[in-house]
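So the structure is just underneath, and the comments pick up after that.
4 protein chains.
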Amino acid sequence: MNVIYPLKGIIPPLVTPLSDTDRLDVAGVEKLIEHVIAGGVHGLYILGTTGESPSLSHRLKKELIARTCRLVKRRIPVLVGVSDSSFAESIELSEIAAMEGATAVVITPSFYFLQGQSELLEYLQHIVPRMPLPVFYYNIPIYTKVALEPATAVQMAEIRQIVGIKDSSSNLAYFKQVQYLLKHRTDFSFLLGTEEYLGEFVLTGGHGGIPCGANLFPRLFVDLYHAAVNRDIDKIRALQDKIMYISTTIYSTGLHPSSFLKGLKGTLSLLGICSDAMAEPFTPFRAAERDKLKTFLQQLKVV
Amino acid sequence: MNVIYPLKGIIPPLVTPLSDTDRLDVAGVEKLIEHVIAGGVHGLYILGTTGESPSLSHRLKKELIARTCRLVKRRIPVLVGVSDSSFAESIELSEIAAMEGATAVVITPSFYFLQGQSELLEYLQHIVPRMPLPVFYYNIPIYTKVALEPATAVQMAEIRQIVGIKDSSSNLAYFKQVQYLLKHRTDFSFLLGTEEYLGEFVLTGGHGGIPCGANLFPRLFVDLYHAAVNRDIDKIRALQDKIMYISTTIYSTGLHPSSFLKGLKGTLSLLGICSDAMAEPFTPFRAAERDKLKTFLQQLKVV
Amino acid sequence: MNVIYPLKGIIPPLVTPLSDTDRLDVAGVEKLIEHVIAGGVHGLYILGTTGESPSLSHRLKKELIARTCRLVKRRIPVLVGVSDSSFAESIELSEIAAMEGATAVVITPSFYFLQGQSELLEYLQHIVPRMPLPVFYYNIPIYTKVALEPATAVQMAEIRQIVGIKDSSSNLAYFKQVQYLLKHRTDFSFLLGTEEYLGEFVLTGGHGGIPCGANLFPRLFVDLYHAAVNRDIDKIRALQDKIMYISTTIYSTGLHPSSFLKGLKGTLSLLGICSDAMAEPFTPFRAAERDKLKTFLQQLKVV
Amino acid sequence: MNVIYPLKGIIPPLVTPLSDTDRLDVAGVEKLIEHVIAGGVHGLYILGTTGESPSLSHRLKKELIARTCRLVKRRIPVLVGVSDSSFAESIELSEIAAMEGATAVVITPSFYFLQGQSELLEYLQHIVPRMPLPVFYYNIPIYTKVALEPATAVQMAEIRQIVGIKDSSSNLAYFKQVQYLLKHRTDFSFLLGTEEYLGEFVLTGGHGGIPCGANLFPRLFVDLYHAAVNRDIDKIRALQDKIMYISTTIYSTGLHPSSFLKGLKGTLSLLGICSDAMAEPFTPFRAAERDKLKTFLQQLKVV
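Residue numbers (our numbering), protein chains in the order written: chain W, 443 to 745; chain Z, 443 to 745; chain V, 443 to 745; chain H, 443 to 745.
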C-alpha cells in the first residue's frame with residue numbers, strides 16, 4: 443500500500459466492539475471492519491475517543507491493534523490512537539502499531555495534568571521523534587483540557603514527522619485559522635472530527651473527516667466526501683441533512699456527554715454489527731433508550 | 443421600508459465610534475454608517491458586543507440609537523442590541539429603539555447571574571412580549587455563561603415574536619443542529635456571528651452573517667454573501683482566504699480576548715473612518731500594536 | 443460615625459426587598475434593616491450579588507441607596523455595590539452613594555467582557571480615583587469570569603483608596619495567599635463572602651464576613667464572629683454546624699445556581715421580613731419548594 | 443500494624459523520585475520515605491497527583507508500590523493511588539497494592555471522559571467491590587473534570603468499603619458540606635489536599651491532610667496537626683504563615699499550573715533528598731528558576 447500525503451477522505455474512528463468490559467468482541471471487530479471497507483472508506487482509525495481507548499486495558503489495546511492490522515491486510519491505511527496519560531505507554535503503543543503494520547499513529551496531549559502551550563510543544567518535540575511512524579495530532583480540548591493554539595500549531599508543524607491534525611474542537615474558525623497558517627505544509631492533512639459540517643469543510647479545502655457516524659453508515663459519509671470533491675451542493679445539503687437527523691436523534695438520546703457513544707454502540711448492535719457492551723465508566727443504554735434508537739433508525743429510512 | 447423575514451445578507455455589528463470613554467464620535471458614526479451602506483450591506487446592528495454595548499452608559503446608548511436611526515433613514519434595517527443585566531433596562535432600550543424607528547432588537551440572556559435552561563426560557567417568555575419590536579436571540583456563551591441548548595431553542599421558537607438567532611458560539615455543529623430542529627419556522631433567520639466560515643454557512647442554507655470585519659471591508663463580505671448565494675466556490679475560497687488573513691493578523695495582534703476589538707477599532711482609525719477610542723475596561727492599542735496593524739493593512743492589499 | 447480601618451465584623455449583604463420585579467418593597471427594606479441592626483451587625487452592604495444588583499434598574503438602585511442611608515442614619519457603616527458592566531454607570535452610582543452618606547463602595551470588574559490581568563489592573567487604576575469614597579474590591583469569578591490573581595492583588599493594593607477585599611471565590615487557599623502577600627497593608631480588610639468557613643477564617647486572622655445568611659439570622663453570625671475573636675472553638679463548631687444546616691437545606695433547595703437566592707428570599711418571606719419577589723431573570727420558588735423551606739425552618743430550631 | 447478508622451494525621455503525597463523520565467531513583471525513594479517517617483508523619487500516599495502517577499508507566503508504578511511497601515515495613519499506613527483512565531488497570535494496581543501489603547487505595551473518577559453524576563456513582567459502585575482494600579475517594583475536579591456533588595457523596599458513602607475522601611477542590615465550603623452530610627459515617631476520614639488552610643480544617647473537625655509540602659518539611663505539618671488537635675491557635679497561625687510563604691514562593695515560581703510540582707521536586711533536590719527529574723509531559727525547572735528556589739529556601743529559615 444502506497445500512502446499519499448496529505449491523507450484524504452473518510453476515515454471512521456472505529457468503536458471497539460466488546461463482549462464484556464475488558465474483552466474484545468472478536469467477531470464484531472471483523473464485521474465492523476468489513477462493513478466500513480465495503481462502504482468505501484479511505485482508511486480507518488482505531489483507539490480514538492470513539493474507540494473508548496482511554497477506558498481500555500493495555501492488553502486489550504494491543505490485541506485490537508494486532509487483529510485490526512491483520513484483518514485489514516493493507517487494503518486501506520490504519521491509524522492507531524496511542525494517547526495515554528503516560529509518555530512511556532504511548533511510545534510502547536506506537537512501537538506495537540509499527541510492528542503490526544499500521545500506517546500512522548494519532549496522539550493527544552497527555553490528558554491528566556494541565557499543560558501550558560510551551561509544555562505541550564516540548565512534549566510533542568520529545569515524543570514524536572521517539573515514535574516509529576508518521577504522527578497525527580488530535581485536538582480535542584473538551585477531554586484533554588488543553589487546546590493547541592494557532593501559534594503553537596505553527597511551531598508544531600516544524601516537526602515534519604507530524605503529518606496532520608484531527609480537530610474535534612467543534613470550532614471551525616479555529617481550525618480554518620490553523621489551516622491558513624500551515625498552508626506551506628502541502629503534505630499536511632486537515633481532518634475533521636465533527637461530522638455536522640464535514641461537507642462544507644471539504645468543499646472549501648479540507649481533506650476529509652474522521653466521523654463517528656461512519657461506523658454506522660460508511661457509504662453516507664463516503665458519498666458526502668465525493669459530493670464535496672465534486673462540488674455538488676444539492677447533494678451535500680441532502681446528505682448533511684441526514685447527518686443532522688442522526689446528530690439530533692441517535693447522538694442525543696441520553697442525558698450525559700456520553701450519549702453519542704452509547705447511541706452509536708446501541709445502534710450498531712441494532713444493525714447487527716457488534717455488541718453494545720461498553721468499557722467502564724460507561725454502560726450501554728437501557729431498554730427505554732434502546733427503544734428510542736429503534737424508532738430513530740426506522741425513521742431514518744424516510745428522512 | 444418593507445422588511446421581509448427571514449432577514450438575509452450581511453448585517454455589520456457596528457463598532458461604537460467614541461471620542462472619549464463616554465462620548466460619541468458623532469462624525470465617526472456618520473462616516474461608518476455611510477461606509478457600510480456604500481459597501482452594500484443588507485442591514486446594520488448597533489449595540490452588540492462589537493459595539494461595546496455593555497461598557498456604554500445608558501445615556502450614550504440612547505444617543506446612538508437616535509442618531510443611527512436618523513442617519514440611516516430607513517435605507518436598510520437597523521437592529522438594536524438591548525441586552526442588559528437588568529430586565530427593566532432592556533425593556534426601556536427596546537422602547538427607545540421602537541420609538542426611533544429601528545427594525546428589530548437583539549437580546550442575550552441577562553449576563554451576570556448563571557441561569558439554568560428553564561430560567562433562560564422563562565426569561566425570554568417574560569421579556570419578549572414586553573418588547574415592541576421583533577426580537578433576535580443572540581447566543582454568545584463565552585460572555586453570557588449560558589448557552590441556549592438545542593432543546594431550549596425549540597421551545598423558544600414557539601415565541602413567534604422571536605424571528606432569528608445570531609450565533610457567536612463558534613460551534614457550527616451546534617448552530618446547524620438548531621437550524622435543523624427549527625426548519626418549520628420558515629420566517630426564522632439564522633445569522634452567523636463568526637466570519638471565518640460565513641461563506642460555507644450561507645452556501646448550505648444559512649441566511650447571512652453579522653461579521654465584525656464588515657465594519658472595515660463591507661464590500662468584501664457582501665461579495666462573499668453573493669458568491670455563496672450564487673454557489674461560486676472558487677470565489678468563496680478566495681474571499682474567505684482574505685478573511686482568514688484578517689482573522690490571523692488584525693484580530694490576533696494583542697494578548698487578551700479583547701484583541702479583536704482593539705484591532706478592529708485601531709484599523710478603522712488607520713482607515714480614517716473613526717477614532718480608536720474605547721470604552722473602559724478597554725483602552726486602544728499602543729504604538730507598537732498600531733504599527734503592526736499598519737503593516738497588516740498594507741499586506742492585505744496583496745493577499 | 444467614625445469608621446476605623448480595617449473594617450471588621452459581620453456585614454450582611456442585604457437582599458433587595460421587592461414588591462414587584464421593578465418596585466421596592468419599602469416596608470420590607472425598613473424591616474430588614476432594623477432586623478439586622480437589632481442582630482448586632484457591624485455594617486451592611488447593599489446592591490451586591492445577594493442584593494440582585496445587576497438585575498435592578500438604575501432608578502431602583504438609586505432609590506435603594508437613598509432609602510437605606512436615611513434609614514440607617516449612620517448607626518453602622520453602609521457599603522454600596524456599584525458594579526456595572528459600564529464604567530460610567532459605576533461612577534455615577536458611587537457619586538450617589540457618597541451624596542447619600544454611604545461609607546464605602548464595592549466594585550467587581552466590568553462583568554461582560556473577558557479581561558486579562560493587566561486590563562483588570564488598569565481598569566481599577568482608572569475607576570477608583572474617580573470614585574468619591576473608599577473602595578472594596580469584590581472577587582467573585584464565577585459571575586465576573588475574571589479572578590484577581592495574587593500578583594495582581596499586590597499591584598492593586600498600591601491604590602491606597604482600596605481598603606479591602608470581599609472574596610467569594612470559595613477558594614480559601616487563594617484568599618489566604620492574597621492576605622499573606624498584602625500584610626503590609628495594615629488598614630486593609632479581608633472579608634469573606636462564604637459563610638461555611640467564616641469562623642475558621644476569623645480565628646486565624648480574617649477580619650470578618652459578608653454572609654448572606656445574616657439576612658435571616660444576623661445574631662447567629664455576630665455570635666460566630668465574637669466566638670472567633672474570643673477563640674471559643676466549641677462555640678464556633680456549634681454555630682458553624684447550624685450554618686452547615688442552612689447551607690445544605692435552605693440554599694440547596696432548587697436545581698439551579700440561583701437556589702441560594704431563592705431560598706434566602708423565600709425564607710425571609712416565611713419569617714415575615716419581606717416579600718419573596720425577585721427581579722428577573724429569576725422568579726420566586728413555587729409552592730413545593732416553599733413547603734420545603736418551611737420544614738427546614740422548623741427543623742432549624744432543634745438543630 | 444493496626445489501622446484505626448477514621449484515619450487521621452499527616453499523610454504526605456510522596457513525589458516519585460526519578461533518575462530519568464521512566465526510571466526510579468531508588469536511593470531517592472528510600473531517602474524520601476525515611477525523611478518523612480523521621481518527621482513523624484502518620485502515613486504516606488504514593489502515586490497521587492504529586493506522585494505524577496498518570497505520567498508513569500505501569501511497570502514503574504508496580505515497582506514503586508513494591509519498593510515502598512518493603513521500605514516502610516508497616517511502620518505507618520501506605521495509601522496507593524490506583525487511578526487510571528482504564529477500569530481494568532485500576533483494578534490490577536489495587537491487586538498489586540494488596541499483595542505488597544499496602545493499607546488502602548485511593549481512586550479518582552476515570553479521567554478522560556466526562557461523566558455525569560449518575561455515571562460516576564455507578565462507576566464507584568462497580569469498581570470498589572472489585573478492589574481488595576479499603577478505598578479513599580479523591581476529589582480533584584481541576585484534573586478529572588468531574589466534581590463529586592454533595593448529594594452524590596451521600597450515595598457514595600453507602601459503599602462501606604469507601605473509608606474517606608481526600609479533597610483537592612480548594613473549596614472548603616463544599617468539603618464542609620460533604621462532611622456535614624456524612625457525619626453518620628463515624629469511620630470516615632476527611633482529609634484535605636490543600637495545605638494553606640489545613641490547620642483551620644483540623645481545628646474544626648477535619649481528620650488531617652495530604653499536603654504536598656510534607657515531602658519537604660514533614661515536621662512542620664506534623665507540628666501543625668498537633669497544634670490543631672491541641673487548639674493552640676497562636677502556633678497554628680505561626681506555622682500556617684510558614685506554609686503561606688512556601689505557597690507564595692516555591693509553588694509559585696513558574697508560569698504554568700505545573701509550578702507547584704516543579705518547585706517541589708526542585709526544592710527536594712536542593713535539600714539533597716532526591717533528583718528533580720520529572721516524567722513527561724513536564725521537565726525540571728531550568729537554572730533561573732532553580733536559583734529562585736535556592737533564595738526562597740534561604741529566606742524560609744528566617745520567616
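Every residue, glycine too, gets a C-beta built ideally from N, C-alpha and C.
Note that the structure is predicted; figures quoted are calculated from it, not measured.
Review point. With a cut-off of 7 angstroms, does the C-beta of SER711 of chain H fall near any C-beta of chain V?
Key: Chain V, which has no Cβ nearer than 7 angstroms to the Cβ of SER711 of chain H, makes this no.
Check your understanding: Is there at least one Cβ from chain W nearer than 7 angstroms to TYR585 of chain H's Cβ?
Key -> Yes, its Cβ sits closer than 7 angstroms to a Cβ of chain W.
Review point. When DSSP builds the beta bridges, which residues end up paired with ILE488 of chain H?
Key: The partner list for ILE488 of chain H (beta bridge, DSSP) reads H:VAL522.
**Study point:** Cross-strand partners of ALA546 of chain H (DSSP beta bridge)
**Key:** H:LEU521
Exercise for review: Return no unless some Cβ of chain Z is closer than 7 angstroms to the Cβ of GLN567 of chain V.
Suggested key: no
Review point. Who are the neighbours of GLN749 of chain V on chain H, taking C-beta pairs under 9 angstroms?
Key: The question about residue 749 of chain V has no answer, for chain V in this structure spans 443 to 745.
**Study point:** Contact the segment 456-475 of chain V vs the segment 518-527 of chain V: 3+ CB pairs below 8 angstroms
**Key:** no
Exercise for review: Measure the alpha-carbon distance for GLN682 of chain V versus ARG732 of chain V and round it to whole angstroms.
Suggested key: 24 angstroms
Practice item. Using a cut-off of 9 angstroms between C-beta atoms, extract the partners of LEU706 of chain V located in chain Z. Key: The contacting residues do not exist; LEU706 of chain V stays about 14 angstroms from chain Z at best.
Check your understanding: Measuring CB to CB, does ILE453 of chain V end up less than 7 angstroms from GLY482 of chain V?
Key -> no
Review point. Just to confirm, are LYS473 of chain V and ILE715 of chain V a CB contact at a threshold of 7 angstroms?
Key: yes
Review point. Is there a Cβ from chain Z that is less than 7 angstroms from the Cβ of ASN613 of chain W?
Key: yes
Review point. Which of helix, strand or coil does DSSP assign to ARG673 of chain Z?
Key: coil
Check your understanding: CB-CB under 7 angstroms to VAL644 of chain H, same chain, minus the five flanking residues each way: which ones, in chain order?
Key -> GLY650, TYR667, ALA670, VAL671
Review point. Which residues, in chain order, does the segment 538-556 of chain H contribute to contact with chain W at a C-beta distance below 8 angstroms?
Key: Within the segment 538-556 of chain H, those residues whose Cβ lies closer than 8 angstroms to any Cβ of chain W are, in chain order, PRO551, SER552, PHE553, TYR554, PHE555, LEU556.
Practice item. Please classify ALA441 of chain V: is it buried, with 16 or more other beta-carbons within 10 angstroms of its beta-carbon, or exposed? Key: Absent from the structure is residue 441 of chain V, since the part of chain V shown begins at 443 and ends at 745.
Check your understanding: How would you call ILE692 of chain V, buried or exposed, if buried means at least 16 neighbouring beta carbons within 10 angstroms?
Key -> buried
Exercise for review: Kindly say whether ARG509 of chain V, judged by its beta-carbon, lies nearer than 7 angstroms to any beta-carbon of chain H.
Suggested key: Chain H, which has no Cβ nearer than 7 angstroms to the Cβ of ARG509 of chain V, makes this no.
Point to revise | LEU590 of chain Z in three-state terms, based on DSSP | key: coil
Check your understanding: When you check each C-beta in the segment 483-502 of chain W against every C-beta of chain H, which residues fall closer than 9 angstroms?
Key -> THR491, GLU494, SER495, PRO496, SER497, LEU498, SER499, HIS500, ARG501, LEU502
Check your understanding: In whole angstroms, what separates the C-alpha of LYS608 of chain H from that of LEU614 of chain H?
Key -> 12 angstroms
**Study point:** Inter-stretch contact at 8 angstroms, needing at least 3 Cβ pairs: the segment 578-595 of chain V / the segment 620-639 of chain V
**Key:** yes
Check your understanding: Mind checking whether CYS654 of chain V and LEU706 of chain V have CB atoms under 7 angstroms apart?
Key -> yes
Review point. Within 7 angstroms (strictly less), CB to CB, does GLU642 of chain V reach chain H?
Key: yes
Exercise for review: Answer with buried or exposed for GLU423 of chain V, where buried requires no fewer than 16 other C-beta atoms within 10 angstroms of its C-beta.
Suggested key: Because chain V spans 443 through 745 in this model, residue 423 of chain V falls outside it and cannot be assessed.
Review point. Which chain V residues sit within Cβ distance under 9 angstroms of VAL592 of chain H?
Key: For the record, residue 592 of chain H in the displayed sequence is Pro; it is not Val. Within chain V, the residues near PRO592 of chain H are THR690, SER694.
Review point. Straight-line CA distance for ALA589 of chain Z to ARG679 of chain Z?
Key: Across the structure, ALA589 of chain Z and ARG679 of chain Z are spaced so that their CA atoms are roughly 30 angstroms apart.
**Study point:** Every unbroken beta strand (DSSP E) inside the segment 573-620 of chain H [3 residues or more]
**Key:** 577-581, 604-609
**Study point:** Cutoff 7 angstroms: ARG679 of chain V Cβ touching any chain H Cβ
**Key:** Under the 7 angstroms criterion on CB atoms, ARG679 of chain V is classed as interfacial with respect to chain H.
Practice item. Compute the Euclidean distance between the alpha carbons of GLY647 of chain W and GLY451 of chain W, then round it to the nearest angstrom. Key: Spanning the two alpha carbons is a distance of roughly 12 angstroms.
Point to revise | DSSP three-state assignment for LEU466 of chain V, whether helix, strand or coil | key: strand
Check your understanding: Which residue's Cα is closest to the Cα of SER552 of chain V: V:LYS515, V:THR545, V:SER701, V:SER532?
Key -> By alpha-carbon distance to SER552 of chain V, the top candidate from V:LYS515, V:THR545, V:SER701, V:SER532 is V:SER532.
**Study point:** beta strand (DSSP E) segment containing SER631 of chain W, residue limits
**Key:** 631-634
Point to revise | Three-way DSSP call (helix, strand, coil) for PRO726 of chain Z in this model | key: coil
Exercise for review: On a CA-only basis, which of W:TYR554, W:VAL478, W:VAL471 is nearest VAL664 of chain W? Give me that one, please.
Suggested key: W:VAL478
Review point. If you run the structure through DSSP and keep just helix, strand and coil, what is ILE652 of chain W?
Key: coil
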